[in-house]
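Novice: Input: one structure, supplied below.
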Amino acid sequence: SVDDDDDDDDDEPDDAEDDSAAASTEEVEALLAREWNQLTLQEREAINEEVHGVRDEYRDVVDKETPELLHGSLRQLALELDAIPKKPAYHTCQTEYGATTWVNTAEFRLLFLRCEFFDAKKAAARIVAFLELSRSCWGDFVLEREVCLSDLSEQDRVLLDSGLLQMLPGRDRCGRRVLIHFTHNNVGPTRPKESRMRVALYLALKVVKHDVDLQRSGMVLISWIHDNLFNDFRVRSHVCKNLMLVIPCRISVVHVHISPPDGAYRSFANIAKEIFLLAIG
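Here the sequence shown is numbered in full-length UniProt numbering, starting from 1 and rising by one per residue.
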């Protein structure tokens, strides 16, 4: 009958989408398996242990924070900062606010040294990038002092109060703090990326500043992706890429949960789930 033929035709797109999603997922799984198999047994075990909270990479790399290590690293960091040729925000910070800037305090600089396992060169690059992004988000005052809640705009406060980023009160088995990031569009996908970066930078600083254990061990990020629009992923990607290069806190492990989608979105979600369930510490 005609109705039967129509039913068959209606089924074909869904079948094609299912086949496409399965094929795409298989390709990603094959890629991950190939990369995984190129690691040594020790590297695989180290990654598994860190993901599941039975190993702290910081304690493997930094045996003990001695006064000699702290003072020597701070001196080396100052040399590495001076050696970076292009650093407009840092240069302004030193020439305009050198005597009063928070950037020159040991407390500020140790945030970045611990984040980079006391690799002074990497810490210097992160500080320079942090100041550039912070300056673009707020202005020159962040080169002198720390950002306060009152510095956030009304739009920033709406995003902050929405609860999209929440720090859990407990810790995982190796003492890492756990941050939950809800990524559904309850505040609208048109939220400016600058506002998202300001809120994320503000929270990152407030969370890490007074928690030395977090500075050393990093944190676990749980991301719950639900009802996102494709266009919003581009904005989120831009924000995340910039933040990962500058925040003075190491994201040791990322766990991603993607709610089961429908239709053409399913193929993308399957690929994203395979890719993002990885440790990035």
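The beta-carbon is built from N, C-alpha and C at its ideal position, and this holds for glycine as well. Owing to the predicted nature of the structure, the values given are computational and were not obtained by experimental measurement.
Please list, in chain order, all residues of the same chain as residue 89 whose beta carbon is under 8 Å from its beta carbon, the five residues on each side excluded.
Specialist: For residue 89, where only same-chain residues beyond five positions count, the Cβ hits under 8 Å are 128, 131, 132, 134, 135 and 143.
Novice: So within the stretch 201 to 252, which uninterrupted alpha helix (DSSP H) runs reach at least 4 residues, ignoring any that extend past its ends?
Specialist: With a minimum length of 4 residues, the continuous alpha helix (DSSP H) runs that stay inside the stretch 201 to 252 are 212 to 217 and 230 to 246.
Novice: What whole-angstrom Cβ distance do residue 247 and residue 183 have, given they're in contact under 8 Å?
Specialist: Contact doesn't hold; Cβ gap of about 18 Å is too wide.
Novice: Any idea what DSSP makes of residue 276, helix, strand or coil?
Specialist: Note that residue 276 scores 47 on pLDDT, short of 50, meaning its location in the model is unreliable and no value can be drawn from it.
Novice: Since residue 199 contacts residue 156 with CB under 8 Å, what's their CB separation in whole angstroms?
Specialist: Right, their Cβ atoms sit about 6 Å apart.
Novice: Based on Cα-Cα distance, which residue from 193, 85 and 77 lies nearest to residue 237?
Specialist: Comparing Cα positions, the closest option is 193.
Novice: Give the DSSP-derived three-state secondary structure of residue 145 in the structure shown.
Specialist: Coil at residue 145, not helix or strand.
Novice: Under 8 Å, with one C-beta from each stretch per pair, do the stretch 114 to 126 and the stretch 162 to 172 reach the 3-pair mark?
Specialist: No, they do not touch.
Novice: Can you name, in chain order, every residue of its own chain whose Cβ lies under 7 Å from the Cβ of residue 83, other than the five neighbours on each side?
Specialist: No residues qualify anywhere along the chain.
Novice: Let's see if you can read the secondary structure: which residues bound the alpha helix (DSSP H) around residue 133?
Specialist: That run of the alpha helix (DSSP H) goes 120 to 138.
Novice: Alpha carbon to alpha carbon, what distance is there between residue 256 and residue 42?
Specialist: The straight-line gap from Cα to Cα measures roughly 25 Å.
Novice: Helix, strand or coil for residue 67 per DSSP?
Specialist: Residue 67 falls in the helix class under three-state DSSP.
Novice: Just to confirm, are residue 219 and residue 179 a CB contact at a threshold of 7 Å?
Specialist: Yes, the pair counts as a contact, with Cβ atoms nearer than the cut-off.
Novice: Measuring alpha carbon to alpha carbon, tell me which residue in 201, 171, 160 and 96 is nearest residue 147.
Specialist: The residue with the shortest Cα to Cα distance from residue 147 is 201.
Novice: Are the beta-carbon atoms of residue 208 and residue 215 separated by less than 7 Å?
Specialist: Closer than 7 Å, so yes.
Novice: Grouping DSSP H, G and I as helix and E and B as strand, with all else coil, what is residue 85?
Specialist: In the structure shown, residue 85 sits in coil (DSSP, three-state: anything other than H, G, I, E or B).
Novice: Where does residue 42 fall in DSSP's three states?
Specialist: Of the three classes helix, strand and coil, the one that applies to residue 42 here is helix, per DSSP.
Novice: Using the Cβ count rule (16 or more neighbours within 10 Å means buried), how would you classify residue 44?
Specialist: Exposed: under 16 other Cβ atoms inside 10 Å.
Novice: Taking the alpha carbon of residue 223 as the reference point, which residue from 158, 86, 240 and 71 has its own alpha carbon closest?
Specialist: The option with the nearest alpha carbon to residue 223 is 240.
Novice: If you reduce the DSSP assignment to three classes, tell me which class residue 196 lands in.
Specialist: Helix at residue 196.
Novice: Helix, strand or coil for residue 170 per DSSP?
Specialist: Note: residue 170 maps to strand in three-state DSSP.
Novice: Quick one: is residue 71 buried, meaning 16 or more other Cβ sit within 10 Å of its Cβ, or exposed?
Specialist: That one is exposed.
Novice: With DSSP as the reference, please indicate the residues paired to residue 254 in a beta bridge.
Specialist: For residue 254, which the question treats as bridged, DSSP gives the partners 221.
Novice: I'd like the span of the beta strand (DSSP E) that includes residue 179, first residue to last.
Specialist: Start and end: 177 to 182.
Novice: Check each candidate in 97, 35, 117 and 249 and name the one with the smallest Cα separation from residue 74.
Specialist: Nearest C-alpha to residue 74: 117.
Novice: Decide if residue 177 is buried, meaning its Cβ has at least 16 other Cβ atoms within 10 Å, or exposed.
Specialist: Counting Cβ neighbours within 10 Å, residue 177 comes out buried, since at least 16 surround it.
Novice: May I ask you to report which of helix, strand or coil DSSP gives residue 165?
Specialist: Residue 165: strand per DSSP, three-state reduction.
Novice: Thinking just about the alpha-carbon of each residue, which of 252, 112 and 93 is nearest to the one in residue 205?
Specialist: Measuring from the Cα of residue 205, the nearest candidate turns out to be 112.
Novice: In whole angstroms, give me the CA-to-CA distance for residue 94 and residue 87.
Specialist: Rounded to the nearest angstrom, the two C-alpha atoms are 11 Å apart.
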